[in-house]
Amino acid sequence: MTHQWQTPSALLGQALLSSLPEWLQQALADIDAKAMLLSEGLSNANYRLCCPQGDWVLRDNRPQSLWCNREQELANWRLAEAAGLAPALIWHSDDKRVYLSCFVAQIRPWSSVMSHENNSLCIEPPLTESGPLDNVTALEVFDEATPVSLLLNLLRPLSQLTVPDVALTPRAQWQEYLARLTELARAMPSSPSSVNSQSNLTSPKKTHLSSQWHSAFTQLSSLATEIERWLVQLESCLVADQYCHRDLNPTNLLLVGDKLQCIDFEYATASHPLFELASVITSHKLTPKQRDSLIEQYLAFNPNVKPSGVEAMPAAINCYWLCCAAWALLMAAEQDEECQTQYLAYFKQYLQLITI
Numbered sequence: 001m002t003h004q005w006q007t008p009s010a011l012l013g014q015a016l017l018s019s020l021p022e023w024l025q026q027a028l029a030d031i032d033a034k035a036m037l038l039s040e041g042l043s044n045a046n047y048r049l050c051c052p053q054g055d056w057v058l059r060d061n062r063p064q065s066l067w068c069n070r071e072q073e074l075a076n077w078r079l080a081e082a083a084g085l086a087p088a089l090i091w092h093s094d095d096k097r098v099y100l101s102c103f104v105a106q107i108r109p110w111s112s113v114m115s116h117e118n119n120s121l122c123i124e125p126p127l128t129e130s131g132p133l134d135n136v137t138a139l140e141v142f143d144e145a146t147p148v149s150l151l152l153n154l155l156r157p158l159s160q161l162t163v164p165d166v167a168l169t170p171r172a173q174w175q176e177y178l179a180r181l182t183e184l185a186r187a188m189p190s191s192p193s194s195v196n197s198q199s200n201l202t203s204p205k206k207t208h209l210s211s212q213w214h215s216a217f218t219q220l221s222s223l224a225t226e227i228e229r230w231l232v233q234l235e236s237c238l239v240a241d242q243y244c245h246r247d248l249n250p251t252n253l254l255l256v257g258d259k260l261q262c263i264d265f266e267y268a269t270a271s272h273p274l275f276e277l278a279s280v281i282t283s284h285k286l287t288p289k290q291r292d293s294l295i296e297q298y299l300a301f302n303p304n305v306k307p308s309g310v311e312a313m314p315a316a317i318n319c320y321w322l323c324c325a326a327w328a329l330l331m332a333a334e335q336d337e338e339c340q341t342q343y344l345a346y347f348k349q350y351l352q353l354i355t356i
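Its first residue numbered 1, the sequence shown is counted upward by one per residue in UniProt numbering.
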């Protein structure tokens, strides 16, 4: 992925440019206007737009990302924005395909010092305007208490936002993933002979990948007893669902002055408080002391979890990695051969992080 300034027309293309409001098109036609690709993923691409009239982030949502409820995403973004926990949403297209928000400058991206090595999906190095940042440790930037304090000062007000109408419990999410995976398993050839019987043009690599996919699904399915135990443990400590971002990994957090803001509300919904905490614990590079402090203080202020929540944290973390593994397997089934290999590797990594 190339991160460099280009003219808006060269980077965005005419189709995307023409979908923007007239005032923005005029601003981007300025001779000093420039654009840079910030990130590109399966569900969206993000661009920085800079010109004399303003500094913005343009997000182009993939039309094929049908799993995401864009109305729900925008509603949850606005809730967080109103509380000062997210960048300002300036405009969106009528079809919710394109969003425009304020660009938030960071002296050093939070992800550059707090990303855990388990975040293998975040394969791009953190960037500033001048290019990639050197690797540094959190203790070179913060004292030991600061990351925990910053995270708590985000988690606390997030948990107090109006609870969204749409809820997704860990059990419901797992059941949804399992149903989709089971349907795919029935439709996908499970052996070399069945693959080859469907097409004489099937490549040996595709045959091998299909067998690998079914083996992975079998591994995941074999955890049924353990999964039920984890879900019951989570349900037993729950008082009430709360507003949850559900993807608070370091690449979705911005360090703005002395506070954190969050971006990317595709997964935000009403859900289990410990699943929210698990997304932070698993993705951030925290010392054991920081991790224990974060869990203790999160449970101390949160009325939506019983005191037994501390014993349920391993179950919450396992459910988080379980959903990551199931997601990777779903993605593997929908990709070309090269990407399928990558997502099967992600599946293997996530599965190994589950502790039984």
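Positions of the beta carbon are idealized from the N, C-alpha and C atoms, including for glycine.
In the DSSP assignment, Asn76 is bridged to no other residue.
Around the beta-carbon of Thr251, 16 or more other beta-carbon atoms lie within 10 Å, marking it buried. Between the stretch 100-113 and the stretch 249-266 there are three or more inter-stretch CB-CB distances shorter than 8 Å, so the stretches are counted as touching. The three-state secondary structure of Lys289, taken from DSSP, is helix. When Cβ pairs closer than 8 Å are counted between the two stretches, the stretch 335-345 is seen not to touch the stretch 296-309, the count staying below three. Using a Cβ distance threshold of 8 Å, Val98 and Arg59 count as a contacting pair. The beta strand (DSSP E) runs lying completely inside the stretch 223-275 and spanning 3 residues or more are 242-244, 253-256, 259-262 and 269-271, given in chain order.
Pro63 counts as exposed, since fewer than 16 other beta carbons sit within 10 angstroms of its beta carbon.
Per the coordinates, the alpha-carbon of Gln349 lies some 30 Å from the alpha-carbon of Ala145. By the neighbour-count criterion, in which a residue is buried when 16 or more other Cβ atoms sit within 10 angstroms of its Cβ, Leu234 is buried. Per DSSP, the unbroken alpha helix (DSSP H) holding Ile317 starts and ends at Gly309 to Ala333. In the DSSP assignment, Met188 falls outside any beta strand (DSSP E), carrying neither H nor E. Positions of the beta strand (DSSP E) runs, each at least 3 residues long and wholly inside the stretch 79-115, are given as 89-92 and 98-102 in order along the chain. Comparing alpha-carbon positions, the option among Arg180, Trp174 and Ile107 lying closest to Ala316 turns out to be Trp174. Per DSSP, the unbroken alpha helix (DSSP H) holding Ser9 starts and ends at Pro8 to Ser18. In the same chain as Tyr243, and ignoring 5 residues on each side of it, the C-beta atoms closer than 8 Å to its own belong to Asn76, Leu79, Leu158, Ser159, Gln160, Leu161, Thr162, Val163, Pro164, Ala268 and Ala270, in chain order. Secondary structure at Cys339: helix, using DSSP grouped into helix, strand and coil.
Linking Ser215 to Gln340 through their CA atoms gives a straight-line distance of about 14 Å.
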